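Start counting the sequence shown at 705; every next residue gets the next number (the numbering used here). Note that CB positions come from ideal geometry on N, CA and C, so glycine has one too. Note that the coordinates shown come from a computational prediction; the quantities given were computed from them, not determined experimentally. Here's the structure we're looking at; comments come further down.
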Amino acid sequence: MVSECIRKRYIGPVAWIVMALLMAFGAGYCVAVSQNWWLPLIIGALCCGYMIQGNISRIAKRMRYVMQATLSNDFSYKFPTKNLSKEEQETNEMLNMLVEHLELLTLEVRQKEAFLASIINLTDIGLAVADAKGEIRLHNEAALRLLERQALTHICQISEQDFIGLDIKKSDVTVNDKSFTLFTISDLSQQMQAVEVKSWEKLTRVLTHEIMNSLTPIQSIAENMRGKASTVEMTEALETISSSSRSLMQFVRNFREFSKLPEPKLRVLYLKPLLESCIRMTQSHAGEKDICFKLACFPAELMIYSDESLLSHVFLNILKNAVEASPKTICIEAEEKSDESVEIRISNDGETITDETAEHIFTPFFTTRETGNGIGLSLSRRIITHLGGTLTLKTRPMTCFSVRI
C-alpha cells in the first residue's frame, strides 16, 4: 500500500512524466497517420489545462477550509509542510502564515473587547443600548444595579417614571446605517445627599455662630444687672434670662461638638456581630416594650470595610427611631449586592410615617416628638455620607431605612 506522504510527494511528478510521454507518442502517431501537426498541440494543451485546473482546485479547496475554520474561530489546524513538492510546500507554508495572522488579529479584537467591557462595567453610570425594535443589545452591571433588575431585555424595563432618584437620559446613535438608542442612567441620590449634607453643615455653622454671638452679651448683661436689681421681681426675671441663656448656650456648644465628625478609622469588620450588639443595646433602651427583633445577613460571614464606632451610632439612631414607632417587629436585613456594596435595611411595622414627614425627616432639628431634638437621623445621614454611602427612607409598604455602603 502506498503511503500518504509518498502519494503527495511523487504522484504529481509521475503524472507530468506520463503526460509528457503520452503527448510525445500521440504527436508521433498523429503526424505519421493524419499529417495534422497541430492536433498533438491541442491534446497537449488540454492535458496541461486539466493538470493546472486540478492544482487550482486543490488550492481553492484549502482556501475554503481556511475561511470556514476562521469563521468558526478554529485556528488549531495546520497544513503539512513535509514530504511534499516544492510548490505545495510553499503554498501550505503561506496558508499556515495566513492562519497565524488571522488568529493574532482575532485575539487582538477579543482583548480589546474584553478591555472595553471591563471599563464599561467599572463605571458607576449605567449604560444600555437598544436597537430599533427596542431590544437591549448591550448593558453594563451598573445599569442592572441602578434599575434593580436581574436582566435587561427591552426598553420597557427602563422608565423614568418608575425610578425616582435616577437621571435617565437617552440619545439616538447610528452605527453602520443601523439606528440604536443609548441610555445613560445616573444615581442622583448620593450626589443629592452629599450636597444636602454640606448645605446643612454650612447653615448649622452659621446659625450656631450667630446664636452664640447673640446669647453671650445677653447672659453677661443679665448677670451684671441681677446684683443691681431693686426689686425681687426684677431679680427673678434677670435670673430667668441668665439661666435660659446658659442652657441655650450649652445646647449650642453640645450640638457643635456633637456634629463634628471624627476622621473615620476604617478597618475590616464582621457586620453581623456589630448589628447584634446594636440590637442588644436597643432592647435595653426599649425596656418593657414587647418587640421582636429579626436579623438576617447574606452571607452570614458578611464583612465590610468601614468605621465601627460611626456605624454603630447610625444603627442605634435608626433602631431607636423604630422603637419609638411602637412596632411589634423590627427586621434587620443585610446583604452584599452585585457591585460589592453592602445594603442594610431596617424596617418596622409600627406607626407609619406620613409623606409630609418623610420629606423632612433628615432635616436637622425637625422632629414630630415632644422629647425629640431632630438631630439623630440628620446626623446619621451625615455620617453615612461621610463614609461614602447613602441613607434613604421608604414608607411603603412599611417604614424601612436603607443604609448602603
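8 Å Cβ cutoff met for residue i and residue j
{"i": "isoleucine 840", "j": "threonine 857", "result": "yes"}
{"i": "asparagine 796", "j": "leucine 788", "result": "yes"}
{"i": "leucine 1083", "j": "valine 1046", "result": "no"}
{"i": "leucine 978", "j": "glutamate 1012", "result": "yes"}
{"i": "isoleucine 1065", "j": "valine 1018", "result": "no"}
{"i": "arginine 1108", "j": "threonine 1094", "result": "yes"}
{"i": "alanine 1062", "j": "leucine 1097", "result": "yes"}
{"i": "cysteine 1104", "j": "arginine 1049", "result": "yes"}
{"i": "phenylalanine 779", "j": "arginine 766", "result": "no"}
{"i": "isoleucine 889", "j": "leucine 870", "result": "yes"}
{"i": "leucine 1091", "j": "leucine 1014", "result": "yes"}
{"i": "alanine 1038", "j": "leucine 975", "result": "yes"}
{"i": "serine 1030", "j": "methionine 1102", "result": "no"}
{"i": "tyrosine 1009", "j": "leucine 970", "result": "yes"}
{"i": "isoleucine 829", "j": "alanine 846", "result": "yes"}
{"i": "leucine 802", "j": "valine 770", "result": "yes"}
{"i": "leucine 811", "j": "threonine 774", "result": "no"}
Residue i versus the options, residue with shortest Cα-Cα distance
{"i": "threonine 1081", "options": "His1090, Gly1093, Arg1073, Pro1068", "result": "Reading the sequence as shown, one finds leucine at residue 1081 and not threonine. Among His1090, Gly1093, Arg1073, Pro1068, the Cα nearest to that of leucine 1081 belongs to Pro1068."}
{"i": "lysine 964", "options": "Arg1086, Asp871, Asp891", "result": "Arg1086"}
{"i": "cysteine 1001", "options": "Lys1041, Ala1026, Leu1015", "result": "Lys1041"}
{"i": "glutamate 1028", "options": "Asp1053, Arg853, Phe779", "result": "Asp1053"}
{"i": "lysine 1032", "options": "Glu1055, Val877, Lys906, Asp1043", "result": "Glu1055"}
{"i": "isoleucine 945", "options": "Lys932, Gln923, Val770", "result": "Gln923"}
{"i": "leucine 850", "options": "Ile872, Lys837, Gly838, Lys993", "result": "Ile872"}
{"i": "proline 968", "options": "Thr1072, Ser1016, Arg950", "result": "Ser1016"}
{"i": "asparagine 844", "options": "Glu852, Ile824, Lys874", "result": "Ile824"}
{"i": "aspartate 891", "options": "Arg909, Val910, Glu852", "result": "Glu852"}
{"i": "aspartate 1043", "options": "Glu792, Leu848, Gln772, Gly838", "result": "Leu848"}
{"i": "glutamine 785", "options": "Ala773, Met798, Thr774", "result": "It should be pointed out that residue 785 corresponds to threonine in this sequence rather than to glutamine. The residue with the shortest Cα to Cα distance from threonine 785 is Met798."}
{"i": "lysine 998", "options": "Arg984, Ser949, Gln861", "result": "Arg984"}
{"i": "leucine 820", "options": "Asn800, Glu804, Leu842", "result": "Leu842"}
{"i": "asparagine 1021", "options": "His989, Pro1003, Lys993", "result": "His989"}
{"i": "serine 1106", "options": "Ala1026, Thr1071, Thr1058", "result": "Ala1026"}
{"i": "isoleucine 859", "options": "Lys993, Glu980, Ile925, Lys837", "result": "Lys837"}
According to DSSP, residues forming a beta bridge with residue i
{"i": "histidine 843", "result": "Ala832"}
{"i": "threonine 888", "result": "Leu831, Lys873"}
{"i": "cysteine 1035", "result": "Lys998, Ser1051"}
{"i": "leucine 973", "result": "Ile1008"}
{"i": "phenylalanine 955", "result": "For phenylalanine 955, which the question treats as bridged, DSSP gives no partner whatsoever."}
{"i": "threonine 1096", "result": "Ser1106"}
{"i": "valine 879", "result": "Lys882"}
{"i": "valine 1046", "result": "Glu1040"}
{"i": "histidine 858", "result": "Glu839"}
Interface flag, residue i vs chain D, CB-CB below 8 Å
{"i": "leucine 788", "result": "No chain D is present in this structure, which holds just one protein chain."}
Any non-hydrogen atom of the ligand MG closer than 7 Å to residue i Cβ
{"i": "lysine 902", "result": "Among the components of this structure there are no ligands whatsoever, and the ligand MG is therefore not found."}
Notebook entry, point to check: At what residue ranges does the region 980-1030 contain a whole run of the alpha helix (DSSP H), taking only runs of 4 or more?
Noted result: Within the region 980-1030, the runs of alpha helix (DSSP H) that reach at least 4 residues and sit entirely inside it are, in chain order, 1012-1027.
Item checked: Meets three-Cβ-pair contact criterion under 8 Å: the region 908-921 and the region 936-956 -> Counting C-beta pairs with one atom in each stretch, the region 908-921 and the region 936-956 have three or more that are closer than 8 Å, which means they touch.
Notebook entry, point to check: Are three or more beta carbon pairs between the region 816-835 and the region 873-891 nearer than 8 Å?
Noted result: Contact holds: three or more Cβ-Cβ distances are below 8 Å.
Notebook entry, point to check: Going along the chain, which unbroken runs of the alpha helix (DSSP H) with 4 or more residues stay wholly within the region 773-820?
Noted result: For the alpha helix (DSSP H) assignment, the region 773-820 encloses no uninterrupted run of at least 4 residues.
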